[in-house]
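Peer 1: Protein chains in written order, with the working numbering: chain A, 522 to 691; chain B, 5 to 343. Idealized CB from N, CA, C, for every residue including glycine. Because the structure is a prediction, the values reported are computed rather than measured. Let me begin by handing over the structure; questions about it come next.
Spelled out as structure tokens, the structure:
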């Protein structure tokens with residue numbers, strides 16, 4: 522019961538902050554709402570006894586990536602209005618298409634989740650809370666080794682790309 | 005009921021108040037220590053040897069006029085000091101001051117909580133504190149604070165990488181992320197981890213100086229260049245929050261260093277029976293003593309070393325500390341596999 526209340530309150534916060542991120546006019550405020558959003562998501566992870574994920578969410582997203590967002594927003598002059606795009610109509614169609622794709626993906630995930638048998642419930646929760654880090658470590662280096670390595674390669678490629686963009690005459 | 009709500013609440017109250025009192029007296033201690041280093045007396049007027057000076061300072065700061073610059077972003081300007089102060093205080097939730105002790109016939113652990121991701125929790129909460137500095141400088145709508153906050157945040161982000169890499173090698177040595185278990189594993193290893201990981205200790209200490217914006221890395225408030233740094237436009241209690249947060253962060257870094265490297269609440273050489281007479285000093289006292297040594301070194305360094313130039317600071321962070329920290333992780337891994 523308490524968990525359900527906490528879940529719905531947190532979800533309301535997450536959605537509210539998400540709406541504020543896209544609706545507020547001031548870009549720095551938008552970034553701050555994004556931080557609050559991430560913190561609420563971290564609280565949701567704690568509710569699911571995934572403390573490791575929660576801490577990593579705060580460390581990497583709220584504390585790392587959004588700081589860089591803030592740098593960019595503060596250093597780029599946003600006082601002037603955005604330039605007129607050549608074809609706003611076309612852009613909005615791309616936007617609609619992408620949102621449709623995301624919605625489809627969500628629908629598939631939810632549909633699959635309702636068909637698939639429910640995972641082992643609260644019986645393992647205390648175990649999960651005690652050995653959170655160990656379990657994630659085991660999973661990452663056994664069952665999910667290839668996705669893990671691919672993700673790290675992707676990050677490496679992004680880093681090399683950023684350096685090449687920043688230093689053209691290296 | 006008593007065990008789940010009352011005792012933790014009392015512990016939180018006690019730790020918060022003790023921290024705040026400790027922070028105000030750190031300010032006095034700093035002024036005294038620097039005065040002694042410079043062959044002065046320091047504050048002497050308020051109370052005997054100036055011991056009531058922090059109270060006088062607090063009253064003065066509360067009574068001062070609270071000014072918000074006209075073109076400042078009011079909400080962010082107000083929130084920034086709070087964002088700096090809160091992470092510094094909530095870090096104390098996972099710091100173990102002592103083992104489980106018998107208090108008035110009840111088993112009470114001398115820490116607020118022990119989570120299995122304690123060390124990561126500290127790192128992630130500390131990373132939130134950067135926002136206060138960036139936003140304080142930005143919301144002031146004034147050029148020196150903005151420059152100072154950009155400098156400070158660049159510095160904090162770079163040194164955070166080095167410190168986190170250092171912590172990785174510590175985690176490998178201890179085999180756990182829980183602060184309490186880290187101390188216990190030092191007991192089981194018969195050795196404080198400073199002797200196992202001396203390189204990590206030096207790196208952590210340098211990184212800690214940089215992360216708390218202390219001399220010789222106090223670029224954020226280089227008075228000669230930036231007229232006081234990111235809190236130039238702040239006055240009264242809001243300035244006091246920034247100021248106190250810096251000292252609270254010093255206490256955090258000192259107590260984390262004590263827990264990781266100096267065996268937390270353990271007495272020196274915890275397994276040698278010949279030294280068991282040291283046990284008459286209670287465990288929390290050992291913790292406080294070791295933390296105090298660290299705090300004293302912080303002040304000592306400030307009184308001794310000149311400030312780094314900004315480019316030297318960044319070079320030290322990226323070209324020395326981070327490679328050494330990564331090498332330390334690799335060497336630790338190799339040693340652990342071989343032995």
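Taking the alpha-carbon positions, what's the residue 635(A) to residue 202(B) distance?
Peer 2: 53 Å
Peer 1: Can the beta-carbon of residue 549(A) be found closer than 8 Å to that of residue 594(A)?
Peer 2: It is a contact, given that the beta carbons lie within the stated cut-off.
Peer 1: Buried or exposed: where does residue 96(B) fall if 16 or more other Cβ atoms within 10 Å of its Cβ makes it buried?
Peer 2: Burial of residue 96(B) is indicated by the presence of at least 16 other C-beta atoms within 10 angstroms of its C-beta.
Peer 1: Strictly below 8 Å CB to CB, what residues from chain A border residue 322(B)?
Peer 2: Within chain A, no residue comes near residue 322(B); the closest Cβ sits about 13 Å away, beyond 8 Å.
Peer 1: With a threshold of 8 Å between beta carbons, is residue 583(A) in contact with chain B?
Peer 2: yes
Peer 1: When burial is assigned at 16 or more other CB atoms within 10 Å of the CB, is residue 135(B) buried or exposed?
Peer 2: buried
Peer 1: Taking just the CA atoms, how far does residue 88(B) sit from residue 655(A)?
Peer 2: 32 Å
Peer 1: Enumerate in chain order the residues of its own chain whose CB-to-CB distance from residue 190(B) is below 8 Å, with the five nearest sequence positions on each side excluded.
Peer 2: Spatial neighbours of residue 190(B) in its own chain (CB-CB distance under 8 Å, excluding positions within 5 residues in sequence) are listed in chain order as 178, 196, 197, 267, 268, 270, 274.
Peer 1: With a 10 Å radius around its C-beta and 16 neighbouring C-beta atoms as the bar for buried, classify residue 133(B) as buried or exposed.
Peer 2: Buried.
Peer 1: Let's test the definition: count the other Cβ atoms within 10 Å of the Cβ of residue 343(B) and tell me whether it reaches 16, buried, or not, exposed.
Peer 2: exposed
Peer 1: Can residue 211(B) and residue 167(B) be called in contact, C-beta distance under 8 Å?
Peer 2: Going by beta carbons, residue 211(B) and residue 167(B) fall inside the 8 Å limit.
Peer 1: Roughly how many whole angstroms lie between the Cα atoms of residue 644(A) and residue 185(B)?
Peer 2: In this predicted model, residue 644(A) has a pLDDT of only 48, less than 50, meaning its place in the structure is not dependable; the value taken from the coordinates is given anyway. If I take the Cα positions, the gap works out to 25 Å.
Peer 1: Tell me, please, whether the CB atom of residue 686(A) is closer than 8 Å to any CB atom in chain C?
Peer 2: The structure shown has no chain C; the protein chains it does contain are A and B.
Peer 1: Check residue 306(B) in the structure and name its three-state DSSP category.
Peer 2: Three-state DSSP puts residue 306(B) in a helix.
Peer 1: Identify the residues that DSSP records as bridge partners of residue 107(B): which are they?
Peer 2: 110(B)
Peer 1: Please classify residue 264(B) as buried or exposed, where buried requires at least 16 other C-beta atoms within 10 Å of its C-beta.
Peer 2: buried
Peer 1: Could you check the C-alpha separation between residue 672(A) and residue 70(B) for me, to the nearest Å?
Peer 2: Distance between the alpha carbons of residue 672(A) and residue 70(B) is about 50 Å.
Peer 1: Taking C-beta pairs closer than 7 Å, name the residues in chain B that residue 572(A) reaches, listed in chain order.
Peer 2: Proximity of chain B to residue 572(A) at the Cβ level (cut-off 7 Å) is accounted for by 119, 120, 121, in chain order.
Peer 1: May I have the straight-line CA-CA distance separating residue 305(B) from residue 222(B), to the nearest angstrom?
Peer 2: 12 Å
Peer 1: Hey, does residue 90(B) have any beta-carbon neighbour from chain A nearer than 8 Å?
Peer 2: At a cut-off of 8 Å between beta carbons, residue 90(B) makes no contact with chain A.
Peer 1: Output needed for residue 336(B): all residues of its chain with C-beta closer than 6 Å, excluding positions within five of it in sequence on either side, in chain order.
Peer 2: 173, 176
Peer 1: Quick one: grab the DSSP three-state call for residue 144(B).
Peer 2: coil
Peer 1: Just checking: is the beta-carbon of residue 644(A) within a distance shorter than 8 Å of some beta-carbon in chain B?
Peer 2: Legend: pLDDT at residue 644(A) = 48, less than 50; position of this residue unreliable, no value from coordinates given.
Peer 1: Taking Cβ-Cβ distances shorter than 7 Å, what residues in chain A pair up with residue 125(B)?
Peer 2: 576
Peer 1: From 243(B), 295(B), 300(B), 320(B), pick the residue whose C-alpha is nearest to that of residue 34(B); which is it?
Peer 2: 300(B)
Peer 1: Since residue 287(B) contacts residue 102(B) with CB under 8 Å, what's their CB separation in whole angstroms?
Peer 2: Indeed they touch by this definition, with Cβ atoms about 4 Å apart.
Peer 1: So with Cβ pairs under 8 Å, would you call residue 134(B) a contact of chain A?
Peer 2: yes
Peer 1: 8 Å is my cut-off, CB to CB: does residue 524(A) come that close to chain B?
Peer 2: no
Peer 1: Taking CB distances under 8 Å as the criterion, tell me whether residue 33(B) reaches chain A.
Peer 2: Closer than 8 Å to the CB of residue 33(B) there is not a single CB belonging to chain A.
Peer 1: Is residue 276(B) helix, strand or coil by DSSP?
Peer 2: DSSP places residue 276(B) in coil when its eight states are reduced to three.
Peer 1: Kindly indicate if chain A contains any beta-carbon less than 8 Å away from that of residue 171(B).
Peer 2: no
Peer 1: With 8 Å as the threshold, decide whether the Cβ of residue 146(B) is near any Cβ in chain A.
Peer 2: no
Peer 1: Buried or exposed: residue 125(B), going by 16 or more other Cβ atoms within 10 Å of its Cβ?
Peer 2: Classification for residue 125(B): buried.
Peer 1: Leaving out five residues on either side along the sequence, give the residues of the same chain with a beta carbon under 6 Å from the beta carbon of residue 19(B).
Peer 2: Excluding residues within five positions, the ones whose Cβ falls inside 6 Å are 96.
Peer 1: Counting only beta-carbon atoms, is residue 332(B) nearer than 8 Å to chain A?
Peer 2: no
Peer 1: Listed from N- to C-terminal order along the chain, which residues in the stretch 154-169 of chain B have their beta-carbon within a distance smaller than 7 Å of any beta-carbon of chain A?
Peer 2: 157, 161
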